[in-house]
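There are 2 protein chains.
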Amino acid sequence: MASNVQETTRDKILRTGAEVIHLKGFNHTGLQEILSVAKVPKGSFYNYFRSKEDFGLQVIDYFIGQFFHFSKDILEDTSIPPLERIRKMLDGFKDLFRSTEYTCGCPIGNLAQEMGDLSPAFRERLEDAMNAMVDAYAGILTEAQAVGEISTNLDAKETAHFIVSSWHGALIRMKIVKGLEPLDIHSKFIFDHVLRPCI
Amino acid sequence: MASNVQETTRDKILRTGAEVIHLKGFNHTGLQEILSVAKVPKGSFYNYFRSKEDFGLQVIDYFIGQFFHFSKDILEDTSIPPLERIRKMLDGFKDLFRSTEYTCGCPIGNLAQEMGDLSPAFRERLEDAMNAMVDAYAGILTEAQAVGEISTNLDAKETAHFIVSSWHGALIRMKIVKGLEPLDIHSKFIFDHVLRPCI
Chain A
16 MASNVQETTR DKILRTGAEV IHLKGFNHTG LQEILSVAKV PKGSFYNYFR SKEDFGLQVI
76 DYFIGQFFHF SKDILEDTSI PPLERIRKML DGFKDLFRST EYTCGCPIGN LAQEMGDLSP
136 AFRERLEDAM NAMVDAYAGI LTEAQAVGEI STNLDAKETA HFIVSSWHGA LIRMKIVKGL
196 EPLDIHSKFI FDHVLRPCI
Chain B
16 MASNVQETTR DKILRTGAEV IHLKGFNHTG LQEILSVAKV PKGSFYNYFR SKEDFGLQVI
76 DYFIGQFFHF SKDILEDTSI PPLERIRKML DGFKDLFRST EYTCGCPIGN LAQEMGDLSP
136 AFRERLEDAM NAMVDAYAGI LTEAQAVGEI STNLDAKETA HFIVSSWHGA LIRMKIVKGL
196 EPLDIHSKFI FDHVLRPCI
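Below, the structure is given as structure tokens:
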């Protein structure tokens, strides 16, 4: 039982701390604020995390876990044609952002922007997280090529990188205009210009 | 002469403070650090800026001024075909990022990501700054349509938004992989798939 209780406390600190970091960024979120939202004393925090940086690295793992929790069912639903799966996943994220008033964006993209130049440890972990997302898209794009939905002239991995990066950029503008227009423009160009049977 | 001295001090605070903010972000840069790099006392800072937020808003204006200072000659050189001007501008930024070891990225994109949810004043100023960049691209794209370099089926403004947003996303990944590959992928997809005579 003890280990279950410990697991729950750790998860609670991660979940509540991750929410604040998602909105405010890592450096702008103080340890005291993390303890306050998690409602745990400092000693409890250090039972699970060696430092604020160690916490941040585990938050990245938490965020990538959330990404796959959110998208796994769609990504793996082979009853839906590959491109339609990508569209459904992006539409799902649009619904999510509509429900949160166009705030926060992608936590992996945010942390990459904020921490890419400031912490080699964050950089390494964020590259792994980005690659996991890219691999998920690349797998579907390879399926899409196999069934003729998109051109085999496309490099699936490069195309996946472009989809993810341009999505991250669209999310930046979403936070400024507080609307879905940047994400709709992203979908339009990705589906009308890139993911085509002939290029 | 007095006004010249004042102008110089203000510009020095802006330039040196902007450099720190470009690397570390706005919230992670303390007023004391801004004063320290500018080598001015606090009283001098408040001669020019009402608050740290007011300083941040003027830093946005400084950054967009830098963008046009960097790109104006290329943007307005009508001896070069429109698409070639866009390519030269992006190549110029790639050279710049190579020289700075792939750090910092676009300061407008960075601040939009960091401050978009945290400050309505920043959001408004950043939207103006993004629109200024987008209008510059849209103008060239309209020229490119007039000479048949790209399809008139493209909406120049939307296309410009997609180019700028996807560039911002590519810069995020540049900061993680510390190389030009994300920017080269951006160029490849923008020029091979979007900016074409027939779509």
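Sequence order for the protein chains is A and B.
Position one of the first sequence corresponds to residue 16 (the working numbering), numbered consecutively onward.
Position one of the second sequence corresponds to residue 16 (the working numbering), numbered consecutively onward.
Where a beta carbon is used, it is the ideal one built from N, C-alpha and C, also for glycine.
If you're wondering where the values come from, they're calculated on a predicted model, not measured in any experiment.
It is roughly 13 Å from the alpha-carbon of B/A127 to the alpha-carbon of B/V179. Scanning the segment 119-186 of chain B from its first residue to its last, no whole beta strand (DSSP E) run of 3-plus residues comes out.
The Cβ atoms of A/M104 and A/I123 lie no closer than 8 Å to each other.
The beta carbon of B/T115 sits closer than 6 Å to none of the beta carbons in its chain outside the five residues before and after it. Residue contact with chain B for A/A151: absent (no Cβ-Cβ distance below 8 Å to any residue of chain B). Taking a C-beta distance under 8 Å as the contact criterion, A/R113 and A/F206 do not qualify as a contact pair.
B/L133 reaches chain A at L38, K39, G40 and H43, counting residues in chain order whose Cβ is nearer than 9 Å. A/K193 and A/Y117 have their C-alpha atoms spaced approximately 5 Å apart. Within chain B, no C-beta atom comes nearer than 7 Å to that of A/S202; the closest sits roughly 10 Å away. Under the 8 Å Cβ criterion, the segment 160-177 of chain B does not count as touching the segment 128-138 of chain B, having fewer than three qualifying pairs.
As the crow flies, the alpha-carbon of B/S66 is around 15 Å from that of B/P135.
For A/K109, no CB of chain B lies under 8 Å from its own CB, so it is not counted at the interface with that chain.
Looking only at A/A159, A/K54, A/L50 and A/E34, the smallest Cα-Cα distance to A/S94 is reached by A/A159.
Residues of the same chain with a CB within less than 6 Å of the CB of A/L46, apart from the 5 flanking positions on each side, are K67 in chain order. With respect to A/F60, A/I28 sits close: the two C-beta atoms are nearer than 8 Å. For the segment 181-198 of chain A, the residues whose beta carbon sits under 7 Å from a beta carbon of chain B are, in order, S181, W182, H183, G184, A185, I187, R188, K190, I191, V192 and P197. Per the C-alpha coordinates, the member of B/L50, B/F85, B/E34 and B/F82 positioned closest to B/T24 is B/L50.
Residue-level contact by beta carbon holds for B/A127 and chain A, with a gap shorter than 8 Å. Apart from sequence neighbours up to five positions away, no residue of its chain approaches B/F85 with a beta-carbon distance below 6 Å.
The beta carbon of A/F137 sits closer than 6 Å to the beta carbons of M130 from its chain, once the five residues preceding and following it are set aside; these are given in chain order. For chain A, the residues of the segment 115-126 of chain B that bring a beta carbon within less than 8 Å of one of its beta carbons are T118, C119, G120, G124 and N125, in chain order. In this structure A/C213 is exposed. Its beta-carbon is surrounded by fewer than 16 other beta-carbon atoms within 10 angstroms. Residue burial is scored here from C-beta neighbours: B/G80 has fewer than 16 other C-beta atoms within 10 angstroms and is therefore classed as exposed. DSSP, reduced to helix, strand and coil, places A/L98 within a helical segment of the structure shown.
Taking a Cβ-Cβ cut-off of 7 Å, the neighbours of A/L141 in chain B comprise I191, given in sequence order.
At a Cβ-Cβ threshold of 8 Å, A/H208 and B/V209 count as neighbours. Residue contact with chain A for B/E68: absent (no Cβ-Cβ distance below 8 Å to any residue of chain A). The continuous alpha helix (DSSP H) containing B/H201 extends over residues E196 to F204. Within its own chain, no residue has a Cβ closer than 7 Å to the Cβ of B/D69 once the five positions on either side in sequence are excluded. The beta carbons of A/H43 and B/H183 sit no closer together than 8 Å.
Beta-carbon to beta-carbon, A/E164 and A/L90 are separated by about 16 Å, too far to satisfy the 8 Å threshold. By a beta-carbon distance limit of 8 Å, A/R30 does not contact A/L72. Their separation comes to about 16 Å.
For the set B/I187, B/V35 and B/D92, the Cα lying nearest the Cα of A/C121 is the one of B/I187. In terms of beta-carbon proximity, B/R102 stays away from the interface with chain A, with every pair separated by 8 Å or more.
Contact between A/V74 and A/V52 fails: their C-beta atoms lie close to 13 Å from each other, not under 8 Å.
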